[in-house]
Structure formats: structure tokens, C-alpha cells
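So the structure is just underneath, and the comments pick up after that.
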Amino acid sequence: MAGYLWSFCAYLGAKKRPVPLPQEGVTVSFQNVGYRLKRHKKPIIDGVSGMIKPGHVLAIMGPSGAGKSTFLDILAGKSKSGIVTGSVLFDNIPMSPQLQRNLIGFVDQEDTLMPTLTVRETLMFSAQLRLPESISKEDKIKKVNEVMATLGLSHVANTRVGGHGKRGISGGEKRRVSIGVELVTSPSVIVLDEPTSGLDSFNAIHVIKTLSDLARKLRKTVIFTIHQPRSDAYALFDQVLVLAKGKTLYFGPGSSAGMFFKQRGSACPEGYNMADHLLDMASVDSLAVDRFSTDSLPVIPLRQSDSIVEDDGTQIEEFEKDHMERRISTVSLIIDSLVPVEKPKRRQVGFYTQVKILSGRAFKNLIRTPSLLLAHIIIAVALGAFVGGLYYQSGTTLGGIQNRLGSIIFILALLGFSGLSAIGSFAVEKQLFLRERGNGFYGPMAYFLTKVIFDIVPLRLLPAVAMGTIAYKLIGFTDGRDHFTKYISMLIFFSAEIGLLCLTFAITISDIGTATLLGSIIILFKMLFAGFLINQSSIPPALSWIQYLSFFRYAYEAMIVNDLTDVQIHDNVSGSNITIPVSVVLDKFGFDVNAYWRDFIVSVGLLIGLLVLNAAFVQFRLKETR
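Be aware that the sequence shown starts at 152, since it is given in the working numbering, and climbs by one per residue.
Structure, rendered in C-alpha cells:
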């Protein structure tokens with residue numbers, strides 16, 4: 152079965168890999184960009200135009216609700232649910248969404264990182280998955296060291312990132328790690344959503360200076376949104392785009408904004424922060440916004456604009472002429488990447504290597520959070536001892552048989568509800584997966600296979616074996632290796648099915664509380680139709696089909712048949728000794744004494760079905776949407 156799962160995941164994971172990235176930045180131009188939701192006529196972004204060249208920083212500003220993050224997502228090629236109009240060009244070449252992602256390193260507003268990894272391991276994880284396999288491990292290590300030195304992270308290289316209650320590096324350092332995760336791939340354009348959000352003033356200016364240095368020293372094209380920067384941070388912005396109600400209030404050099412508004416009768420007061428003044432202008436009533444945005448567009452047409460003058464006084468037309476050779480080189484790379492031929496060097500690694508690297512991270516995370524695995528094992532051992540003690544040495548009397556039947560359904564119930572922990576554990580890493588998938592770290596099937604190996608096996612199967620083994624010996628089920636093997640096998644399949652069922656809820660339902668509630672109700676209903684709480688033959692015909700979807704039914708029937716088929720009831724009733732084959736009783740309860748292998752095969756089929764279903768959900772549903 153593992154072989155089939157591997158082949159299936161490899162088939163879905165076998166995608167063409169992007170080509171290597173150019174080292175330097177590219178000129179990003181956007182012409183008349185608009186965006187609206189499909190069922191709304193009012194645009195969220197309305198006719199925004201401009202450009203930013205390599206080695207420069209573009210800061211997108213505006214009040215809350217101005218459309219900054221939406222516009223940034225469009226520039227970064229992020230999947231949008233609405234309708235995008237206009238064009239975004241990279242060195243005057245329209246880009247496909249796939250190629251656009253290849254040129255861009257996107258850093259989200261939240262630092263979504265694995266808390267148990269060190270800074271070095273986090274950056275190395277990105278390098279191993281996103282740099283070509285032709286690059287040696289030594290060169291990747293060298294690249295990671297260079298990035299850490301550039302971002303000022305060398306002193307915390309071996310410190311764990313931390314988070315979720317675990318101590319680690321500071322907030323500013325986490326933000327720089329998030330930047331480094333993208334920087335190891337040498338993207339042409341670095342796009343960041345609110346890089347200073349949640350940081351104190353010291354760390355905020357440190358991050359802005361770092362981004363400014365990246366633009367100037369490495370000639371990257373840096374674009375980010377920012378809400379209310381300090382004056383010293385504003386001074387580092389080469390270009391500023393101010394949005395108000397989705398329209399352009401101002402676009403041009405940051406140093407020219409004061410003169411622009413002064414000429415229009417809205418001069419910035421002396422000693423006042425220009426960034427604050429721009430936000431004040433963007434927050435005025437809609438008529439004023441329309442007035443400013445109508446007569447302030449110094450940005451189109453891009454090739455003929457005489458109103459955009461850069462810091463050094465060189466106009467865009469002259470800049471394009473001076474850098475024509477670099478443009479031709481970059482355009483050639485882009486055109487080559489559009490040809491559907493196999494490249495000797497590919498940005499992403501193969502499926503097997505993805506699984507290997509993901510497994511290494513998952514293993515480190517598992518052993519560095521021993522409380523998670525130990526909690527499952529300790530609880531399983533304790534519950535196994537409790538159940539075994541409660542039903543200790545249940546004999547073959549009527550009362551003993553009743554206890555055996557009750558102990559099995561109770562064990563299944565304990566395993567069933569403990570499987571709900573899969574919902575919470577996946578919710579923690581769900582955002583990490585969405586970010587990494589959206590940024591092209593790995594394919595979804597590689598992640599899913601790793602998830603099965605390092606979640607279902609240690610957290611679902613090992614506790615089932617521990618609990619089942621202890622309870623089996625203490626309760627006094629039918630002795631013999633064959634009986635024990637069949638018993639444990641059904642527990643393993645049942646626990647895996649429950650874990651995958653709960654994983655389905657975690658994938659398809661975003662709210663943890665709702666997913667847990669629905670999971671609990673579904674488990675209760677499945678347990679109801681196991682045959683212990685209601686006789687199978689007495690279920691109303693309209694509802695009888697539900698029992699065939701119950702994991703509990705197949706596991707419970709198989710386990711009691713395995714234990715009791717050949718057992719004789721010996722008891723004294725009203726002073727008379729009686730001997731009754733348990734098979735007669737089971738038949739009256741609606742169980743088939745010859746059903747073990749049928750139930751076993753159905754359980755295997757249900758498990759495979761859940762694996763395929765979850766793989767499909769991860770592949771086609773679990774995607775980043777903004």
C-alpha cells in the first residue's frame with residue numbers, strides 16, 4: 152500500500168520546474184491596474200500606474216482600506232478571487248503567473264516560520280528546496296552564510312526561531328529571517344507586505360535599512376507596503392506610491408512629494424513628518440482625493456513620460472538606453488523559459504528530494520517537541536492500563552462476555568476521540584504550508600506524504616499499539632499470536648482512518664472550533680452504528696446505509712469476531728449450569744462470525760479512499776487565496 156501511495160504522490164507531484172532566476176533586479180512597470188470583486192461594480196483598485204527600476208525602493212502607502220495589500224498581491228502575482236485589469240510588466244515583458252512567481256520573492260506580513268528550526272536550518276531548508284540540484288550542498292551552505300551576514304543574522308544562526316509559546320529570536324530578527332528565506336533564491340524583485348508591522352521603532356528602521364541596502368548593494372527591485380513610517384525611514388524611499396480609496400494620490404520620488412503638494416496648496420507643515428502628511432492627504436474626503444489623484448498622475452505613458460524624474464535627474468528613457476544590454480539578457484532568459492523543453496538546471500528539486508528534505512524537517516520538529524509524542528504515548532499507556540484494570544480478566548460468563556464487548560467499543564471510542572488532536576496540530580502548520588506552497592518550495596504531494604509518515608504513524612498508530620497491547624493482556628482476550636495480530640491490525644487501521652478523517656476536517660474547514668465540533672459529531676454517529684448501541688437488524692431501512700460508512704462497525708465486528716467466535720459461555724442461571732456458543736449470541740446481535748477478513752478488506756479500502764481523498768484536497772483545495 153505504501154508503494155501505491157508513493158507512486159500516486161509522485162505522479163501528482165511531477166510538475167515542470169521553473170528555470171533559474173537572474174541575479175539582478177528588473178524594472179517593474181504597472182499600467183492602469185484595476186481590481187474589483189466579481190459581484191461588485193465598484194473597483195477596489197482603480198487605474199494605478201507607475202514603475203520602479205532595479206536598485207531602488209518603492210514604498211506603497213495609504214490609510215487602512217486604501218487597497219495597498221490588494222495592489223501588492225497583484226504585483227506579486229498572487230491568486231486573486233476577483234477581476235484584475237491592466238498590465239504588470241517586468242522589463243517591458245508581460246509575465247505569466249508562473250514566471251512572475253519565479254522572478255519574485257514574496258514576504259508576507261506575518262512571519263510564518265517553523266519555530267523548532269534554527270535560523271540556519273530555516274534558510275538552508277529554503278535553499279535545499281528552491282535552488283537547483285546542480286548546485287552543491289557546500290555552495291548552498293555558502294549562500295546561506297552570505298545571506299545571514301547580509302541580513303545581520305550570523306550571531307543567531309544556531310538559535311531556534313521560536314514562537315507558539317517557545318522562546319526564540321526577536322521580532323525584528325524573525326522578519327529578517329523571513330526576508331532571508333526568499334533572498335537565498337536570488338530573486339529579481341523582493342515584495343513585502345507591511346515589513347515593519349508589529350515591530351518597535353528600532354527594529355522597524357533596521358528592517359527598512361536592510362531593504363534599502365539590498366536594493367543598492369545587490370541591485371534588487373524592492374517593493375513593499377508600509378502604513379506610517381518614521382521620517383528617517385521615509386528618507387530611504389526612492390519612490391513613493393500613495394493610494395487613497397484605490398486610486399493614485401501621488402507617485403514619484405519620495406523627496407519630491409513635499410513640492411508636489413505645496414504647488415497644490417497643501418504644503419507639509421515645517422517640522423512635520425512627510426509620511427504623516429501624505430497619510431493626512433490620503434485620508435481626506437472623497438472629493439479631495441479625486442482632485443489630487445486626477446491632476447497628480449505623473450506616471451503614464453511609461454515610455455513618454457517627461458514628468459517622472461529620478462533622484463539623479465535621469466529620465467526613464469535614458470535609463471532604459473543605458474541598461475539595454477542587461478534588459479536583453481533578462482528578456483532572453485524569460486523567452487527561453489517559455490519554451491516547453493526540459494532544462495538541465497531546474498529551480499525546484501525532484502519529488503524524492505522534496506520528500507527527503509521535508510521528512511528531515513518533520514523529524515527535527517517531532518524530536519524537538521517531545522511533549523507532543525510523549526503525551527500521546529503516555530496517555531495511551533495510561534488509558535490502556537485503566538481499561539485493562541477496569542475489565543481485568545473478563546471471563547467467559549455472561550457478565551464476562553458483556554465486559555469484553557464493552558471494553559472493545561470503549562477502546563475504539565478512546566482512539567476515535569483522541570484522533571481529534573490531528574485537527575489542532577494541522578491548523579498550526581496550515582499557514583506555513585500555504586505560504587511555502589505559494590512561494591514554490593515544494594509540491595503538495597510531497598508535503599502530504601511527509602504528513603502521513605510523521606503524523607499518522609507516530610501520533611495515531613503507535614498510541615493504538617501501546618493501548619491495545621496493554622489492554623489485551625490485562626482484559627484476557629483470547630490468547631495466541633494469530634488472534635493478537637488480527638486484533639492489533641484492526642486497531643491500527645481504525646486509528647489511521649480516524650486520523651485521516653480528522654485531517655479532512657482540518658483541511659476543508661478553516662475554523663478549528665467548527666472542525667472539532669463537526670468531527671466529534673461524526674465520530675459519535677459512526678460509533679452509534681457500530682452495533683453495540685443498536686442492533687444492526689433493527690436499524691430503520693432509511694438509515695441502514697449509514698452503518699456501511701462506519702469505521703467503528705468494521706473494526707468492532709472484526710475485533711469481537713476475532714476474540715469470541717470460538718468461545719463458549721459458561722454460567723449459572725437460576726441454579727442451572729449453561730453452556731452457549733458465543734457465536735449464537737453474536738448472531739442475535741446482528742454480527743457475522745465469518746466477517747473478519749471481509750471487515751479487514753473493507754477497512755483497508757476505506758483507508759486507501761481517505762488517503763486519496765485527502766491527497767486530492769491537499770492538491771486541489773489547499774491553496775493560497777488572497
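Don't be surprised by glycine CBs; every beta carbon is placed ideally from N, CA and C.
Taking H634 as the centre and dropping the five residues before and after it, the same chain places the C-beta of F628, N713, D714 closer than 8 Å to its C-beta, in chain order.
Membership of D722 in the beta strand (DSSP E) is indicated by the continuous run 719-724. Contact between E708 and D750 holds: CB atoms are separated by about 5 Å, below the 8 Å threshold. C419 sits away from G405, with the two beta carbons spaced by 8 Å or more. Within the same chain, F257, G589, E775, R777 come within 8 Å of K229 by CB-CB distance, once the 5 residues on both sides are set aside. In the DSSP secondary-structure assignment, R311 is bridged to T269.
Inside the stretch 164-237, DSSP marks whole beta strand (DSSP E) runs of 3 or more residues at positions 179-187, 196-203, 208-212, from first to last along the chain. Rounded to the nearest angstrom, the gap between the Cα atoms of V391 and Y401 is 7 Å. Around the CB of Q582, fewer than 16 other CB atoms lie within 10 Å, so the residue is classed as exposed. Shown here, A657 sits in a helix according to DSSP, grouped into three states. Counting C-beta pairs with one atom in each stretch, the stretch 759-776 and the stretch 718-733 have fewer than three that are closer than 8 Å, which means they do not touch. Nearest neighbour of Q279 by Cα position, chosen from G570, L612, G511, L524, turns out to be G511.
Non-local C-beta neighbours of I649 in its own chain, meaning closer than 6 Å and more than five positions away in sequence, comprise G567, G570, ordered along the chain.
Rounded to whole angstroms, the separation of the alpha carbons of I711 and D722 is 20 Å. Short of 8 Å from the beta carbon of G540, and not among the five residues preceding or following it, lie these beta carbons of its own chain, in chain order: L625.
Cβ-Cβ separation between L365 and V358: approximately 11 Å, too far for a contact (criterion under 8 Å). Taking each of P595, I330, A573, I574 in turn and checking the Cα distance to T301, the smallest one comes out for I330.
Here V393 is not near I255, since their CB atoms are 8 Å or more apart. It is roughly 58 Å from the alpha-carbon of I225 to the alpha-carbon of A622. Within a 10 Å sphere around the beta-carbon of N183 sit fewer than 16 other beta-carbons, which makes this residue exposed. Counting C-beta atoms within 10 angstroms of its own C-beta, K396 has 16 or more neighbours from the protein chains shown and is therefore classed as buried. Within the DSSP secondary-structure output, A395 pairs in a beta bridge with K398. By the criterion of a C-beta distance shorter than 7 Å, I356 is surrounded in its chain by R381, D383, A384, once the five residues flanking it on both sides are discounted.
Among the bridge pairs identified by DSSP, Q390 is matched with L209, P404. With a contact defined as Cβ atoms closer than 8 Å, N243 and S180 qualify at about 7 Å.
For L240, the CB contacts under 6 Å within the same chain, skipping 5 residues up- and downstream, are S180 in chain order. Per DSSP, V342 is one residue of the beta strand (DSSP E) stretching across 340-343. Ranked by Cα distance from F502, the first of S352, Q544, G416, Y598 is Y598.
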